[in-house]
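Residue numbers (this note's numbering), protein chains in the order written: chain A, 1182 to 1341; chain B, 1182 to 1341.
Protein chains: 2
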Amino acid sequence: MGCILASTTYEEQFKNFLKKNNLKFTKERREVLRAITIQRDHFHAEDIYQQLRKQKSNVSLATIYRTIPLLIDSGLIKGTIYGGERVVYEKVYNKPHHYHMVCLNCGKIIEFICPDMEVIQNNICRNNIFLSTEYNLEIKGYCQDCRRKMMNEKKEQKIQ
Amino acid sequence: MGCILASTTYEEQFKNFLKKNNLKFTKERREVLRAITIQRDHFHAEDIYQQLRKQKSNVSLATIYRTIPLLIDSGLIKGTIYGGERVVYEKVYNKPHHYHMVCLNCGKIIEFICPDMEVIQNNICRNNIFLSTEYNLEIKGYCQDCRRKMMNEKKEQKIQ
DNA sequence: ATTGTAATTGAATATCATTCTCAATTACAT
DNA sequence: ATGTAATTGAGAATGATATTCAATTACAAT
Ligand SMILES: [Mn+2]
Ligand SMILES: [Mn+2]
Ligand SMILES: [Zn+2]
Ligand SMILES: [Zn+2]
Chain A
1182 MGCILASTTY EEQFKNFLKK NNLKFTKERR EVLRAITIQR DHFHAEDIYQ
1232 QLRKQKSNVS LATIYRTIPL LIDSGLIKGT IYGGERVVYE KVYNKPHHYH
1282 MVCLNCGKII EFICPDMEVI QNNICRNNIF LSTEYNLEIK GYCQDCRRKM
1332 MNEKKEQKIQ
Chain B
1182 MGCILASTTY EEQFKNFLKK NNLKFTKERR EVLRAITIQR DHFHAEDIYQ
1232 QLRKQKSNVS LATIYRTIPL LIDSGLIKGT IYGGERVVYE KVYNKPHHYH
1282 MVCLNCGKII EFICPDMEVI QNNICRNNIF LSTEYNLEIK GYCQDCRRKM
1332 MNEKKEQKIQ
């Protein structure tokens, strides 16, 4: 289990944040943090809980929910997709800013980077004297696979 | 109470949608629809309920929640801002597509139009063979007023 | 106008992600 | 080692939204 190398800086970042705010670096917080470094791109609060149970850790869901805002404020994760039944989070530390396409049929999330968009957004904020902390672009629709499936279903209907 | 002129096309649109789907144009649905035409830019489900109570209408909250998806599917409203405690809706019929800045301090919502962004989004969807039904850009941050207030508070702290 | 029937309604209840309460425990500065 | 404020888990609370069900209603066909 020697795969925690990359998380060292994660942990440093988190520790610094906690110290700065008179908060304690507890066993539970460390375990939540590590569970997150293991998660793939996008995850729910519940995913962290399941991850920890797999690892025989007994951190409660309450503590996970209490830790999430700390991880957000320390710049390690952020809430990405709202409006479903539960919030989707993702790691942001050392990851380039990007946007999302969400398939309404299969739920797939497609990421994309768009420097042009960033420029436009900065201009808009400057023009409106608005201090932005977060840009969030979400394109909802249907992915390539689902479009294919839907077209095939239509064909079959016509044949019958 | 002769101020329902502008809602005629709203009502037509809704009636057409309902007929197309074997749904009935009930007294309650008409009242919800009219309550919505009266709402200002952005509103919650609860706002509709309050509006109707003011007008001595007894449409239940359950019916309002059941009517909202119908209004969305008929192209009259859409959910705009998620992630707060409740969903923010807005009218979209005959309204140009636009984006939002949300102040994290006072909750103010600032709308803006951006044709350049639309072009970029269309390109991205084409490149990914993604069929978009909805673009949603939300910029979170702090509005001009709140920034002023925060700066003044800082000054006062220094003086004390 | 009457009738048949599927759609709709309000009231109450359920859902379910997230937050809160509180007594017991713990991190960590001194 | 000690003091104290922060933290924890368990369970209860919250609150927006969804669902159940028996009674009502819209409306197409007669
Ligand atoms: Mn992502
Ligand atoms: Mn708007
Ligand atoms: Zn898909
Ligand atoms: Zn503000």
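Here a beta-carbon is modelled for each residue, glycine too, at the ideal position from N, C-alpha and C. From a predicted model like this one, the values you see are computed outputs, not experimental measurements.
Indicate whether at least one CB of chain A lies closer than 7 Å to the CB of Thr1261 of chain B.
-> No, its Cβ sits nowhere closer than 7 Å to a Cβ of chain A.
Rounded C-beta distance between Glu1299 of chain B and His1279 of chain B? I'm assuming under 8 Å.
-> Not quite, the Cβ-Cβ distance comes to about 10 Å (not below 8 Å), so this is no contact.
Can you tell me where the alpha helix (DSSP H) with Ile1294 of chain A in it begins and where it stops?
-> That residue, Ile1294 of chain A, is in no alpha helix (DSSP H); it is neither H nor E in DSSP.
Taking C-beta to C-beta, are Tyr1263 of chain A and Tyr1316 of chain B nearer than 7 Å?
-> No, the pair does not count as a contact, with Cβ atoms beyond the cut-off.
Closer than 7 Å by C-beta to Ala1216 of chain B: which residues in its own chain qualify, once you throw out the five before and the five after it? Chain order, please.
-> If we look at Ala1216 of chain B and ignore the five residues flanking it on each side, its Cβ neighbours are Ile1229, Gln1232 and Leu1233.
Quick one, are the C-beta atoms of Glu1212 of chain B and Ser1238 of chain B less than 7 Å apart?
-> Yes, the Cβ-Cβ distance between Glu1212 of chain B and Ser1238 of chain B is below 7 Å.
Where Val1213 of chain A falls: helix, strand or coil (DSSP) | In this structure, DSSP gives Val1213 of chain A a helical state, which the three-state scheme calls helix.
Would you decide whether Leu1318 of chain B is buried or exposed? Buried here means 16 or more other CB atoms lie within 10 Å of its CB.
-> Residue burial is scored here from C-beta neighbours: Leu1318 of chain B has at least 16 other C-beta atoms within 10 angstroms and is therefore classed as buried.
Entirely enclosed beta strand (DSSP E) segments - the segment 1252-1307 of chain A, minimum 3 residues | Given a length threshold of 3 residues, each whole run of the beta strand (DSSP E) inside the segment 1252-1307 of chain A is given here in chain order: 1258-1262, 1269-1272, 1280-1284 and 1290-1293.
Is Lys1289 of chain B near ligand 4, going by C-beta to nearest heavy atom under 6 Å?
-> Under cutoff, so the answer is yes.
State the DSSP-derived secondary structure class of Thr1244 of chain B, mapped to helix, strand or coil.
-> Thr1244 of chain B: helix per DSSP, three-state reduction.
On the premise that Leu1257 of chain A lies in contact with Gln1194 of chain A, defined as a C-beta separation below 8 Å, what is that separation, rounded to the nearest angstrom?
-> Their Cβ separation, rounded to whole angstroms, is 6 Å, which keeps Gln1194 of chain A and Leu1257 of chain A in contact under 8 Å.
Step through the CB atoms of chain B and report whether any lies within less than 7 Å of the CB of Leu1318 of chain A.
-> By this cut-off, Leu1318 of chain A is an interface position.
For Ser1238 of chain B: DSSP bridge partner residues | In DSSP, Ser1238 of chain B forms no bridge with anything.
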